[in-house]
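See structure below.
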Amino acid sequence: MLDKRVVIRSQPNVTWIDTQDFFAIIEVMKSRSYLGEFELMLLLAVIHLGDEAYGVPISRELEANRGRDVSVGSVYAALERLEGKGLVASSLGDPTPERGGKAKRFFRITKEGLRQVHETRRVLTRLWQTIPDLKLEVQRERI
Amino acid sequence: MNHAEPPRFATWMLEHLTSGNRDEALAGDLLEEFLGGRSEGWYWRQAIGACVVSWLNSLQVRLPLLAFTLLWSLLAPAWNILCDKLESAPIFDKIWQMAGGVWIFPALAVWIVLHSTLLWAGILVYILSYWCLGKMFQREMLRRVFLLVPLIFSPIYGATFVLANLYWWDVFAGAKLAATPMGQIADLSMLADVMRIPYIIAMLCALWGAIPQSVRTLQNSSAEFSAIESSAQSDSLALISRMDPFTLRRFFGFMVGAGLMNAMIVGFLLCRLPESHAPTFASLLIRAILYVAAGALSGVGGAWLYWKSPASPFREHAPVPFPLFALACASGWVWVPSMVVFSEQISAATAFVAMVGAFVLASGLRSATYFVLVPAQQRLSTPDRGDAELFSESLYRSPFDAHGYVIAIGLYAAAAALLTRSNYTAAALLAFSAFLFSWKRTIPLTSSFESDHEYKQAALRLQRVVIPAVLVTIWALLDGVAHRNRDAETNAALAASNGTVASEHVHPNARSQSSAYGVGGYESLILWPLQKKQIIPPLPPEESFLAPGTTQPLTIPFDGAYWYFQPPDKFPGSTAHQAHGTPLGSDIESNNFIPLVMDAHQTLGETIPITRCREIQVDIENRDNTAGFIAMAVLLTDATSPQKPTLYLGQQPIVSTEPAHFSSKSVPVLETLRFSVAKDSRMRRFNEITVMLLPDIEHTLVGPKIAIRQFQLFPR
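Residue numbers (this note's numbering), protein chains in the order written: chain A, 3 to 145; chain B, 3 to 718.
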């Protein structure tokens with residue numbers, strides 16, 4: 003939780019952060035590791051896929067939503083990082099012939115992972131709410 | 003587009019070039035996607051990306067280790083100097099003397115302990131710093147790290163030393179470290195950096211896998227173990243390992259290497275030719291049997307030591323029983339003694355014996371470990387040789403086998419190495435090719451692991467190869483004895499004709515006998531003139547040369563010796579081979595890649611004052627038909643003075659070797675080179691003239707066919 007309320011004031015062309023509040027954010031960030039963009043996407047994909055969350059569908063899910071190629075190696079590297087943080091857990095499935103006898107590694111989100119996803123969503127939503135409708139601002143300038 | 007199989011090399015990269023323990027799942031995912039319609043390009047991109055990402059992650063985790071290792075290795079040059087000083091302490095000399103003929107063992111042990119101490123200290127500091135940060139190493143892992151250090155350091159040090167001397171000897175020849183310890187630590191010259199390499203590699207390798215694992219990794223390991231255990235239950239092989247095939251292969255390779263090294267060490271220490279000049283067949287047979295037994299037992303002993311060491315994962319979870327492994331490998335190690343005896347004679351047979359040994363070793367090892375190393379799925383897909391149709395009309399295209407090309411290249415390279423008399427290189431290449439061929443071709447006859455059958459097969463294989471191995475060892479011994487007898491006869495003839503003169507030129511520690519180094523080469527060579535006359539010292543007649551006002555030159559016909567040796571030596575070694583001949587008719591070349599140095603030495607009967615000599619002319623005969631530029635330098639030495647001072651008269655080009663004047667010569671070309679003697683030299687007199695031939699790159703491995711005819715000393 004943030005110790006102080008972060009106030010981000012917005013003017014027509016300038017978005018700035020109060021210096022005092024900025025350092026408050028830094029202090030809080032030091033004590034808590036927030037999810038990165040890719041990590042958040044991965045966690046959401048794992049939640050969405052449920053029991054079928056292994057390398058292939060996770061990569062497909064990300065590709066479908068991001069609209070660009072995803073390196074499966076990067077997916078695994080990020081999932082390992084998340085597993086190291088205790089946000090996901092993995093287990094090996096049975097080897098199947100169509101995979102050359104290689105087992106699938108299924109991922110599932112942990113309670114901590116779920117909590118962090120909710121926390122990130124809450125913070126992001128609150129931050130977005132403080133920002134005025136940028137699209138409207140741009141349209142107004144054009145007029 | 004053929005989607006039956008993904009690119010093999012990309013798959014191999016995934017299996018072998020990625021770090022971490024998700025390779026199987028990742029490889030399976032990529033295969034599934036590929037079979038689902040992805041392109042080969044996509045597969046390649048993913049494989050390369052996975053390798054890069056995994057190594058970046060590994061490096062990222064180990065960045066502090068890398069930084070610490072580099073910093074700690076700065077101490078290495080200073081530590082090396084300290085170790086040298088400690089090793090030359092009188093106490094160690096006494097210990098070596100007490101050890102007698104086996105002094106090499108305590109000396110090696112002391113050397114390893116001294117050098118490993120720096121690494122152990124570094125590891126201790128690293129662990130303590132980790133402990134300060136609240137992270138703990140596993141105790142078992144720590145023990146393994148400390149044991150691994152000397153095991154890794156010694157071979158890496160040896161390899162670095164050999165490579166550095168082979169390729170950069172000229173850089174290191176004149177290089178020196180700073181005088182003070184601080185200067186040595188701060189020294190970033192190439193010499194100091196090369197000294198640091200073994201320390202860096204040994205510390206990194208020892209600590210690489212010992213970085214405290216996170217909860218995630220431990221969880222993964224336990225998950226993998228449980229998965230493997232479940233598959234083991236379904237497999238008929240009860241002795242399945244808890245490790246992945248790659249790790250298993252690595253450790254099997256390590257055990258085989260340890261046994262091989264041990265067998266070779268014992269071979270080089272024990273395998274000697276019989277003392278008798280005409281040994282009986284019975285004595286040779288007994289000796290050969292003992293040597294073969296020693297080779298096999300030492301190999302088994304070496305492998306057992308590593309197998310049972312606390313650092314070995316096989317100690318707790320042996321993938322195959324050690325007796326079976328030992329039986330399988332012994333059929334290869336029995337060839338080591340004959341290989342060693344041949345190698346001491348620098349015989350090409352070394353390579354062929356190594357090839358046979360490697361072939362048999364691979365066959366036995368593959369049979370014994372097939373069901374452990376080859377996954378069940380792959381076993382099912384392997385075509386059974388018995389089921390192959392004789393006249394098959396199927397359109398089956400055989401898969402791409404890279405090992406066939408590797409074997410072919412290995413064979414061609416071995417042939418090239420044999421032609422250039424690089425027997426060790428040829429032996430290594432042929433052994434590698436034979437091992438690979440045998441490994442790929444060997445498929446067990448049974449469809450599942452049957453302990454009794456495997457034991458029986460391994461014992462049968464050993465029985466079959468023991469007799470040929472003993473016979474080959476007898477052949478090697480006979481060949482060695484014959485060569486030694488021939489060499490002894492040559493030496494006796496030389497000694498009879500040389501008289502006492504040779505001893506003046508050879509190094510004081512030189513032995514008069516057994517100078518031959520082998521059938522195909524010598525470590526150094528002294529070439530005396532063909533017709534050895536009684537040495538009459540060319541006394542400078544005082545009335546002609548030393549008398550004031552004389553203008554007639556003093557002519558000294560060359561009757562000294564030509565020295566052929568290799569850096570870093572500065573003169574022929576104690577085992578220098580002595581022969582009669584002239585450089586004009588002798589083909590003398592280096593049989594390794596170390597350059598050959600050629601000097602000519604003329605000793606004068608009495609000393610000549612430098613101030614009396616204005617110029618020295620050297621008359622030479624050149625019959626060298628190798629294109630390339632050669633220069634000549636002359637050194638005067640006062641051997642009567644305790645310091646043996648020398649005066650360098652500079653170097654002159656041999657004009658007949660210059661490209662503009664070069665021609666193919668059937669008869670020697672005469673040429674005279676002039677060297678002026680400085681008047682104000684600090685040296686007062688001289689009684690030795692040394693002529694150094696300074697060749698270009700074309701002549702670095704061959705002795706120039708240039709002979710010295712005479713010297714002419716012109717009075718001042």
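Even for Gly, the Cβ is constructed at its ideal location relative to N, Cα and C.
All of these numbers come straight from a predicted model, not from anything done at the bench.
### Query
Any beta-carbon of chain A closer than 8 angstroms to the one on W14 of chain B?
The residue given as residue 14 of chain B occupies position 12 in the second sequence. It does not: the Cβ of W14 of chain B has no partner Cβ on chain A nearer than 8 angstroms.
### Task
Tell me S93 of chain A's beta-bridge partners as DSSP assigns them.
For the purposes of this step, residue 93 of chain A is taken as residue 91 along the first sequence, with counting starting at 1. Paired residues: A:F108.
### Check whether I699 of chain B and I632 of chain B have beta carbons under 8 angstroms apart
The residue given as residue 699 of chain B occupies position 697 in the second sequence. The residue given as residue 632 of chain B occupies position 630 in the second sequence. In this structure, I699 of chain B keeps its C-beta atom at 8 angstroms or more from the C-beta atom of I632 of chain B.
### Query
Q459 of chain B CB to nearest chain A CB: under 8 angstroms?
Locating residue 459 of chain B in the second sequence gives position 457, where the first residue counts as 1. For Q459 of chain B, the answer is no, since every Cβ of chain A falls outside 8 angstroms of its Cβ.
### Message
Going by DSSP, what residue range makes up the beta strand (DSSP E) through Y372 of chain B?
### Response
The residue you call residue 372 of chain B lines up with position 370 of the second sequence. Counted as a single uninterrupted DSSP element, the stretch harbouring Y372 of chain B is not any beta strand (DSSP E) but the alpha helix (DSSP H) occupying residues 351-375.
#### Entry: Whether L703 of chain B touches S526 of chain B by CB criterion (8 angstroms)
By one-based count along the second sequence, residue 703 of chain B stands at place 701. By one-based count along the second sequence, residue 526 of chain B stands at place 524. In this structure, S526 of chain B does not lie closer than 8 angstroms to L703 of chain B by Cβ.
### Task
Tell me whether W679 of chain B sits in a helix, a strand or coil according to DSSP, three-state version.
For this step, residue 679 of chain B is matched to residue 677 along the second sequence. In the sequence as displayed, the identity of residue 679 of chain B is Val instead of Trp. V679 of chain B falls in the coil class under three-state DSSP.
### Task
Output yes or no for whether 8 angstroms exceeds the beta carbon distance between S435 of chain B and S365 of chain B.
On the second sequence, position 433 is the one that residue 435 of chain B refers to. On the second sequence, position 363 is the one that residue 365 of chain B refers to. No.
### Task
Would you check if the distance between the CB atom of A290 of chain B and the CB atom of V268 of chain B is smaller than 8 angstroms?
For the purposes of this step, residue 290 of chain B is identified with residue 288 of the second sequence, where counting begins at 1. For the purposes of this step, residue 268 of chain B is identified with residue 266 of the second sequence, where counting begins at 1. No, these two residues do not count as a Cβ contact at 8 angstroms.
### Query
If contact means a Cβ-Cβ distance below 7 angstroms, which residues of the segment 25-38 of chain B contact chain A?
E26, A27, L28, A29, G30, D31, L32, L33, E34, E35, L37
#### Entry: Endpoints, the alpha helix (DSSP H) within which H120 of chain A is located
As a position in the first sequence, residue 120 of chain A is number 118, starting the count at 1. Looking at the DSSP string, the run of the alpha helix (DSSP H) that includes H120 of chain A is 113-132.
### Separation of A662 of chain B from L19 of chain B, as counted between CA atoms
If you number the second sequence from 1, residue 19 of chain B lands on position 17. If you number the second sequence from 1, residue 662 of chain B lands on position 660. Computed Cα separation, rounded: 54 angstroms.
### Message
Given a cut-off of 8 angstroms on the beta-carbon distance, is the pair I1 of chain B and L363 of chain B in contact?
### Response
For chain B, the structure presents residues 3 to 718; residue 1 of chain B sits outside this window and is missing.
### Query
Under 8 angstroms between C-beta atoms, does A105 of chain A make it to chain B?
Taking the first sequence and counting its residues from 1, the one referred to as residue 105 of chain A is at position 103. Yes - at least one Cβ of chain B is within 8 angstroms of the one on A105 of chain A.
#### Entry: Sufficient close CB pairs (3 or more, under 8 angstroms) joining the segment 667-679 of chain B to the segment 619-630 of chain B
yes
### Query
Name the chain E residues whose beta carbon is nearer than 9 angstroms to that of A52 of chain B?
As a matter of chain content, chain E is missing from the structure shown, whose protein chains are A and B.
### Query
In three-state terms, what does DSSP make of H279 of chain B?
Working through the second sequence from its first residue, we reach residue 279 of chain B at position 277. Three-state DSSP puts H279 of chain B in coil, outside helix and strand.
### Task
With DSSP as the reference, label A641 of chain B as helix, strand or coil.
As a first step, residue 641 of chain B is located in the second sequence; it is residue number 639 there, counting from the start. It is coil, neither helix nor strand.
### Query
Is the segment 190-200 of chain B touching the segment 83-98 of chain B in the sense that three or more CB pairs, one from each, lie closer than 8 angstroms?
no
### Query
Any contact of the segment 453-466 of chain B with the segment 329-342 of chain B, i.e. 3+ C-beta pairs under 8 angstroms?
Verdict: yes, contact present.
### Message
What does the alpha-carbon distance come out to for the pair S339 of chain B and A433 of chain B?
### Response
For this step, residue 339 of chain B is matched to residue 337 along the second sequence. For this step, residue 433 of chain B is matched to residue 431 along the second sequence. Residue 339 of chain B is actually Pro in this sequence, not Ser. Taking the straight line joining both Cα atoms gives about 15 angstroms.
#### Entry: Three-state secondary structure assigned by DSSP to F25 of chain A
By one-based count along the first sequence, residue 25 of chain A stands at place 23. In this prediction, F25 of chain A has a pLDDT of 44, which is less than 50 and means its spatial position is unreliable; what the coordinates show is noted afterwards. Three-state DSSP puts F25 of chain A in a helix.
### Task
Please name the residue, chosen from B:A49, B:G587, B:F107, that lies closest to V669 of chain B on a Cα-to-Cα basis.
Translated into positions along the second sequence, residue 669 of chain B becomes position 667. Measuring from the Cα of V669 of chain B, the nearest candidate turns out to be B:G587.
### Task
Return the residue from the list B:W170, B:V636, B:Y308, B:E34 that minimises the CA-CA distance to P655 of chain B.
As a working mapping, residue 655 of chain B is identified with position 653 in the second sequence. Here the closest residue by C-alpha is B:V636.
### Within-8 angstroms CB hit, F24 of chain A to chain B
One-based indexing of the first sequence puts residue 24 of chain A at position 22. The predicted model places F24 of chain A with a pLDDT of 45, which falls under 50 and marks its position as unreliable, so this point remains unresolved.
### Task
Could you please give the first and the last residue of the uninterrupted beta strand (DSSP E) stretch that includes D621 of chain B?
For the purposes of this step, residue 621 of chain B is identified with residue 619 of the second sequence, where counting begins at 1. Per DSSP, the continuous beta strand (DSSP E) segment holding D621 of chain B begins and ends at 615-624.
### Query
Which term fits D96 of chain A, buried or exposed, when burial requires 16 or more other beta carbons within 10 angstroms of its beta carbon?
Stepping through the first sequence from its first residue, residue 96 of chain A is reached at position 94. Label assigned to D96 of chain A: exposed.
#### Entry: Contact residues within the segment 55-67 of chain A, judged by C-beta distance below 8 angstroms to chain B
Y56, G57, V58, S61
### Query
Which two residues bound the contiguous alpha helix (DSSP H) that contains W57 of chain B?
Locating residue 57 of chain B in the second sequence gives position 55, counting from the first residue. 42-63 is the extent of the alpha helix (DSSP H) around W57 of chain B.
#### Entry: Distance, I50 of chain B Cα to F11 of chain B Cα
As a working note, residue 11 of chain B is residue 9 in the second sequence. As a working note, residue 50 of chain B is residue 48 in the second sequence. Straight-line Cα distance between these residues: approximately 11 angstroms.
### Message
For W105 of chain B, which residues in the same chain have their Cβ closer than 7 angstroms to its Cβ, ignoring the five residues on either side in sequence?
### Response
Counting from 1 along the second sequence, the entry for residue 105 of chain B is found at position 103. So the qualifying residues of the chain are W98.
### Message
Taking the alpha helix (DSSP H) that P152 of chain B belongs to, which residues open and close that run?
### Response
The residue given as residue 152 of chain B occupies position 150 in the second sequence. It spans 141-169 - the alpha helix (DSSP H) in which P152 of chain B sits, taken as one unbroken run.
### Message
For a test of the three-state rule: what should DSSP assign to M685 of chain B, helix, strand or coil?
### Response
As a first step, residue 685 of chain B is located in the second sequence; it is residue number 683 there, counting from the start. Taken through DSSP and simplified to helix, strand or coil, M685 of chain B comes out as coil.
### Query
In chain order, what residues of the same chain have a beta carbon less than 6 angstroms from the beta carbon of A429 of chain B, not counting five sequence neighbours either side?
Here residue 429 of chain B refers to the residue found at position 427 when the second sequence is read from its first residue. Sequence-distant partners of A429 of chain B (beyond 5 residues in either direction) whose C-beta falls short of 6 angstroms from its own C-beta, in its chain, are T352, A353, A356.
### Task
Could you name the residues of the segment 91-104 of chain A whose beta carbon sits closer than 9 angstroms to any beta carbon of chain B, in the order they occur along the chain?
A91, S92, S93, L94, G95, D96, P97, T98, P99, E100, R101, G102, G103, K104
### Message
For the alpha helix (DSSP H) containing V723 of chain B, name the first residue and the last one.
### Response
Residue numbering for chain B in the displayed model covers 3 to 718; residue 723 of chain B lies beyond these limits and cannot be assessed.
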